Each structure stands twice: as C-alpha cells, then as structure tokens.
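Per this note's numbering, the very first residue in the sequence shown carries number 234; after that it's consecutive. Just so it is clear, CB atoms sit at the ideal spot from N, CA and C, and this is done for glycine as well. It should be emphasised that the depicted structure is a prediction, and the values quoted were computed from it without experimental measurement. Please read the structure below before turning to the comments.
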Amino acid sequence: HNQTSEIFHSWNVLDDGPVTFWCKVSCEDDGNNGYDRLEFWIDGVEVGRWGGEREWEQMSYDVTPGVHEFRWIYRKDGSLVAGQDCAWVDAIDFPDGETPLNAPRNFTADIVNDDSVFMTWEAPLTRDLLGYRIFRNDIEIITILNPDILQFIDPDLPNGSYTYYARAVYDSGVSDPTV
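Structure below.
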C-alpha cells in the first residue's frame with residue numbers, strides 16, 4: 234500500500250514517429266483513475282492513465298526529434314485491494330534514435346571566500362565517460378579528463394555575475410549542459 238513502481242528511458246529521437254507499447258492493468262478504479270493506476274509520462278507531462286480492469290491494449294504516442302524521457306509509473310494507494318493490484322507494460326518500441334549522452338547530475342555552484350566559486354556534481358548514470366568540461370558565462374574554463382573528479386573551484390574572481398554549467402565528455406561526443 235502507498236507505493237509506486239516506475240520504469241523510465243531517455244531516448245534521442247532522430248525522426249518524427251510514435252513510441253508504442255502494450256499495457257494491461259488490474260487494480261482499483263474510481264472511474265477517474267485517481268486511486269490505483271498506471272501512468273505514462275513524456276518529458277514530465279502525463280499523457281496517459283489507466284485503472285480498473287483493462288485487458289492488453291496497444292498505445293501509441295507521437296514524438297518529435299530530440300531527447301525525450303519516457304516514464305511509466307504504477308501507483309498503489311493506501312486503501313482497497315482490488316484485482317491483482319498491478320500493471321504490465323510490454324513490447325515498448327521507440328522511434329529511430331539513440332541513447333543520449335547524459336549530462337552530469339545535481340550540479341551546484343556556490344560562492345566561497347567572497348571571490349571564488351566551488352562547483353560539485355554527480356557523475357551521469359552511464360559508462361564510457363572520459364571526464365567533464367566546465368563553463369563560465371558560456372566559455373569553457375577547464376577540461377577535466379578524469380571521470381572520478383566531481384568538483385572544481387574557480388578562484389580569485391572579480392565582483393560580477395557568473396553563470397556556470399558542466400558537460401560530460403565521452404569518446405563519441407559531449408553531453409548537453411547541466412540544467
């Protein structure tokens with residue numbers, strides 16, 4: 234009770250096309266799918282929701298080129314037990330594309346000693362990472378070719394306004410900037 238299960242996949246879609254999958258649910262239903270339910274999200278927007286007793290059916294959602302995050306979430310509320318209290322997702326098919334080059338996660342930049350900026354981040358969830366590029370005001374200030382280094386200090390800065398971000402470096406290219 235009061236639990237969620239989810240799967241997600243990031244995909245760089247190369248051409249317009251649908252993401253398709255088959256789903257089935259067996260759970261409590263209030264008519265509005267507000268209790269137990271399976272949800273489908275694209276880029277943080279819920280685009281599908283199913284509850285109650287539903288047999289296998291194929292779903293299809295059109296997507297445009299670019300990096301998208303697809304997420305399936307099953308939510309079980311804290312009250313009634315109904316049906317098998319679960320959902321199934323199978324035979325997921327994405328449009329032509331490729332796995333994106335993941336950016337560093339949880340990037341922070343903090344002022345220290347009134348004239349320096351201390352940055353930290355977490356490694357992206359991926360393999361084949363070579364290191365990072367750090368940018369100040371859209372200009373690269375350092376390339377770190379060691380994926381285990383997860384911090385950097387930009388010292389002795391004059392007063393001013395600065396914007397920082399990091400990009401992950403791979404054999405096959407460089408990620409999008411951190412957000």
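Point to revise | Buried or exposed by the 16-neighbour rule on C-beta atoms within 10 Å, applied to Ala-336 | key: buried
Practice item. Please name the residue in Thr-359, Asn-392, Trp-305, Pro-388 whose C-alpha comes closest to that of Ser-408. Key: Thr-359
**Study point:** For Glu-261, three-class secondary structure by DSSP
**Key:** coil
**Study point:** For Ala-401, the residue or residues it bridges with in DSSP
**Key:** Tyr-365
Review point. What is the DSSP secondary structure of Ala-320, counted as helix, strand or coil?
Key: strand
Check your understanding: How would you write the range of the beta strand (DSSP E) that Tyr-195 sits in, first residue to last?
Key -> The first residue shown for the chain is 234 and the last is 412, placing residue 195 beyond what the model contains.
Exercise for review: May I ask you to report which of helix, strand or coil DSSP gives Ile-386?
Suggested key: strand
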